[in-house]
Amino acid sequence: MATDPGAALDAFLINQALTRYTMALDSCALDVVEDCFIPDAVLDYDELGVMSPKAFVERSAAIRGLDGTHHALGLPLMGIRGDAASSRCYFVAQHVKNALAPGAFLSTGGWYDDELIRTAAGWKIARRRAVRVWVNGNPAVVGLPGVRTAEGMLPSGASPRSASGRDAPQWLKRLPAANGGGTGRIVEASLELDAFLISQLLSRYAVAVDSGAFELLADCVTDDALIDYGGGVEMNREQFIRSFEPVLELEATHHLLGLPALSIEGDVARSRCYCIAQHVKNGEAAEPCLTMGGYHQDELRRTEAGWRIHRRQAVRTWMAGNPAVLGISDAREAAGPPPEGGLQKGAENVERTPPPWFKATTKA
Amino acid sequence: MSSNLAASAALDAFMITQTLIRYSIALDGCAAELIKDCFTEDAVLVYDLGGVSRDELIAVSAGVRELDATQHFLSLPTITVDGDLAHSRCYFLAQHVNNVLAPDSTLMTGGWYDDAWRRTEQGWRITRRRAVRVWMEGNPAVERNQADGIETADGMRPNGAAKRTGSGRGPPYGFEGPAADRP
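Below you can see the structure in the form of structure tokens.
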């Protein structure tokens, strides 16, 4: 159960298993890539089809023909059940082929839906479904025609929301609450266990929004939460949940979360967690992507049902791409206040300081 | 693995991760002086500007104020703990924005930090860091010390990926071949 004291260790080891794959792939250590899976694992990689780890590694040798790949992972959402685990882990993958300059880049974003098992040699992936949600750049970098959308094949854009794998994982819906799953009694609270549970809460939010499963958001916030997404407007829980409905007019959103900085004191915690959010509207065919960067600054409360967001301030610090994707005219409008100039994209006018609780790291 | 050891491995990983993200938040929050306690006093830090000391890095990092925004996004690190020493590789995506250069006001770079760690009386500290920039996309003029672009297999380019044979492009510490999960 995710709430027993060993969950923090298992979560760490599963993080390591997920990371090992990307770092081995990006440094062309393909024997290590193969070792991330059990030998009879089943891998389903979109148009590459269904294959074994050995076949996947043989096909992956083609990445040596690229000048670089870089698979950044977000915070994985996990359900740990003894010696088995399910995980959804976001990725943003950059692919570079210098010879194609100025079209040398293709970035893709999506998630890995994995089933992992504990083996004598540690956690291994037994089943992987790679769901590519969006593609931006020059698909020729990887020799693909682009992304299959409701409008046909596009060089950049997002798969339809109805595409397989785009909904919230089934196992997540069976988990009782935003506590990493499991109904196990918390035997002994610890810093690392609380950190894991809070990371699960943060990533549950991203999965709920990006898969259009807004009902899952109700479990992310306290009953009397106040949420500020800019413009000085504080939303209550119901307003917060409803505020995501317009998201469904986009083909995709994709909130890649970084490592949260945490301060945990008893039943109250504070977090600042970086986010890079991709927004895709295929109708803006020439430039269908708008990327925003910033952070969520949260006050979290431990409730009977697990950790919840009690206060959130979402701060956007930069924007790149096509603002028309979100129907906004420039970066400063996105921040709330009216624009002072004709800034199409760039940095927002926000105060840049660490959070007030940020203090010296000390020995635990 | 005994439960005591188990608990401490997860705790060590948590503490190391907090120090990694502390660096990003201090840098992007224009509080470069706060990165001081991410590193030991004698830390050697190898960035593109060459090897620098902790104090030199802090002085250089204060330059982020000249940009309108930076964001050093960190991905999940791989961490290997050996007693009081540890190694990690942590991927970054670093956005740099200089509004006056609009519409080409952004420079995104991606790569990783390879760090060696030591457990000190004050907690885990980085003793050695090599920052490996794998790719950059956007307008290199956004950041003055990257204005020449990136050194690729075909020479300097304004955009692209560094040559695969470049230093730091191999697998991280402990990845030489198949092995059990660590620690």
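So the protein sequences, as listed, match chains A and B.
In terms of the numbering used here, the first sequence opens at residue 67 and continues consecutively.
In terms of the numbering used here, the second sequence opens at residue 13 and continues consecutively.
Ideal Cβ positions, reconstructed from N, Cα and C, are used throughout, including at glycine.
As the structure is a prediction and not an experimental result, all values here were calculated from the model.
On the criterion of 16 or more Cβ atoms from any shown chain inside 10 Å, does residue i qualify as buried, or is it exposed?
i               : result
R125 of chain A : exposed
M219 of chain A : exposed
I28 of chain B  : buried
L131 of chain A : A small correction: the amino acid at residue 131 of chain A is Gly; Leu does not occupy that position in the sequence shown. With fewer than 16 other Cβ atoms within 10 Å, it is exposed.
D96 of chain B  : exposed
M168 of chain B : exposed
Q305 of chain A : exposed
Q363 of chain A : buried
G63 of chain B  : exposed
T82 of chain B  : buried
L314 of chain A : exposed
E133 of chain B : exposed
P184 of chain B : buried
A83 of chain A  : buried
N151 of chain B : buried
D289 of chain A : exposed
E100 of chain A : buried
Start and end of the beta strand (DSSP E) containing residue i?
i               : result
E78 of chain B  : No beta strand (DSSP E) holds E78 of chain B; DSSP gives it neither H nor E.
A107 of chain A : F103 to Y111
T215 of chain A : V213 to T215
V58 of chain B  : F51 to Y59
Q158 of chain B : Careful: Q158 of chain B lies outside any beta strand (DSSP E) and carries neither H nor E.
L292 of chain A : V287 to D294
R336 of chain A : V334 to V346
L328 of chain A : A327 to E331
L366 of chain A : C355 to T369
R147 of chain A : L143 to R147
I375 of chain A : G372 to G387
R169 of chain B : G167 to R169
T135 of chain A : G134 to L139
With a threshold of 7 Å (Cβ to nearest heavy atom), would residue i be considered close to the ligand ADP?
i              : result
L88 of chain B : No copy of the ligand ADP occurs in the structure displayed, which carries no ligand at all.
Closer than 8 Å by beta-carbon distance: list the chain B residues that pair up with residue i, in chain order.
i               : result
M358 of chain A : Result: empty, since nearest Cβ-Cβ is about 10 Å, beyond 8 Å.
E258 of chain A : A19, A22, L23, A25 and F26
G332 of chain A : The contacting residues do not exist; G332 of chain A stays about 17 Å from chain B at best.
Thinking C-alpha only, which one of the options is nearest residue i?
i               : options                           : result
A159 of chain A : A:T185, A:I342 and A:R303         : A:I342
E149 of chain B : A:K163, A:G175 and A:R195         : A:K163
R154 of chain A : A:L282, A:A371, A:A196 and A:A170 : A:A196
Y125 of chain B : B:Y103, B:N110 and B:H108         : B:Y103
L134 of chain A : B:G186, B:T139, B:S65 and B:G172  : The sequence shown places Gly at residue 134 of chain A, not Leu. For the residues B:G186, B:T139, B:S65 and B:G172, the minimum Cα distance to G134 of chain A belongs to B:G172.
G296 of chain A : A:P354, A:P312 and A:V381         : A:V381
G72 of chain A  : A:R147, A:A192 and A:H320         : A:R147
P115 of chain B : A:F424, A:P421 and A:N388         : A:N388
D333 of chain A : A:R418, A:L257 and A:P235         : A:L257
D54 of chain B  : B:V154, B:V93, B:S117 and B:R141  : B:R141
V146 of chain B : A:G115, A:D112 and A:M89          : A:M89
E217 of chain A : A:S395, A:G360 and A:N348         : A:N348
A386 of chain A : A:N202, A:T419, A:A187 and A:I80  : A:N202
E331 of chain A : A:A261, A:A128 and A:A107         : A:A261
R374 of chain A : A:M144, A:A274, A:S269 and A:D285 : A:D285
T383 of chain A : A:N415, A:C94 and A:A206          : A:N415
Going by DSSP, what residue range makes up the alpha helix (DSSP H) through residue i?
i               : result
M423 of chain A : Here residue 423 of chain A turns out to be Trp, not Met, going by the sequence shown. Element bounds for W423 of chain A: n/a, residue is neither H nor E.
P119 of chain A : P119 to S126
E258 of chain A : L257 to D276
A83 of chain A  : A73 to D92
L69 of chain B  : R66 to S73
L323 of chain A : Element bounds for L323 of chain A: not the alpha helix (DSSP H) but the beta strand (DSSP E), A318 to L323.
R240 of chain A : Q236 to R240
I307 of chain A : R303 to R308
What residues of chain A sit near residue i, judged by a beta carbon separation below 7 Å?
i               : result
F51 of chain B  : Those do not exist, as F51 of chain B stays about 11 Å from chain A at its closest Cβ, beyond 7 Å.
W147 of chain B : G134, H136, Q160 and V162
A38 of chain B  : P420
D166 of chain B : N164
D80 of chain B  : G412 and A413
A143 of chain B : Those do not exist, as A143 of chain B stays about 14 Å from chain A at its closest Cβ, beyond 7 Å.
Report the neighbours of residue i on chain B: residues whose CB is nearer than 9 Å to its CB, in chain order.
i               : result
T419 of chain A : G41, C42 and A43
M89 of chain A  : T90, R101, Y103, W124, P183, P184 and F187
I432 of chain A : Residue coverage of chain A in this structure runs from 67 to 430, which leaves residue 432 of chain A outside it and unanswerable.
A121 of chain A : Going along chain B, no residue has its Cβ under 9 Å from A121 of chain A, so there is no contact; the nearest lies around 18 Å.
W200 of chain A : Neighbours of W200 of chain A on chain B: none; closest Cβ ~16 Å, over 9 Å.
Give the interface partners of residue i over in chain B, defined as CB-CB distance under 7 Å, in chain order.
i               : result
T319 of chain A : Within chain B, no residue comes near T319 of chain A; the closest Cβ sits about 17 Å away, beyond 7 Å.
A167 of chain A : R169, N171 and G172
A95 of chain A  : P183 and F187
A261 of chain A : F26
Since residue i meets chain A, which of its residues come closer than 8 Å, beta carbon to beta carbon?
i               : result
R156 of chain B : Simply none; closest approach about 16 Å.
L196 of chain B : Lying outside 13 to 195, the shown extent of chain B, residue 196 of chain B is not represented and no answer is given.
So which residues of chain A does residue i contact, with C-beta pairs closer than 9 Å?
i               : result
T139 of chain B : Chain A residues near T139 of chain B: none, gap ~15 Å exceeds 9 Å.
- Task: Let me know the beta strand (DSSP E) ranges lying completely inside the stretch 89–134 of chain B, each 3 residues or longer, listed in chain order.
- Result: The qualifying runs are 90–94, 97–109 and 118–132.
- Which ranges does the beta strand (DSSP E) cover as unbroken runs of at least 3 residues, wholly within the stretch 163–229 of chain A, from first to last along the chain? 171–185, 188–203, 213–215 and 218–220
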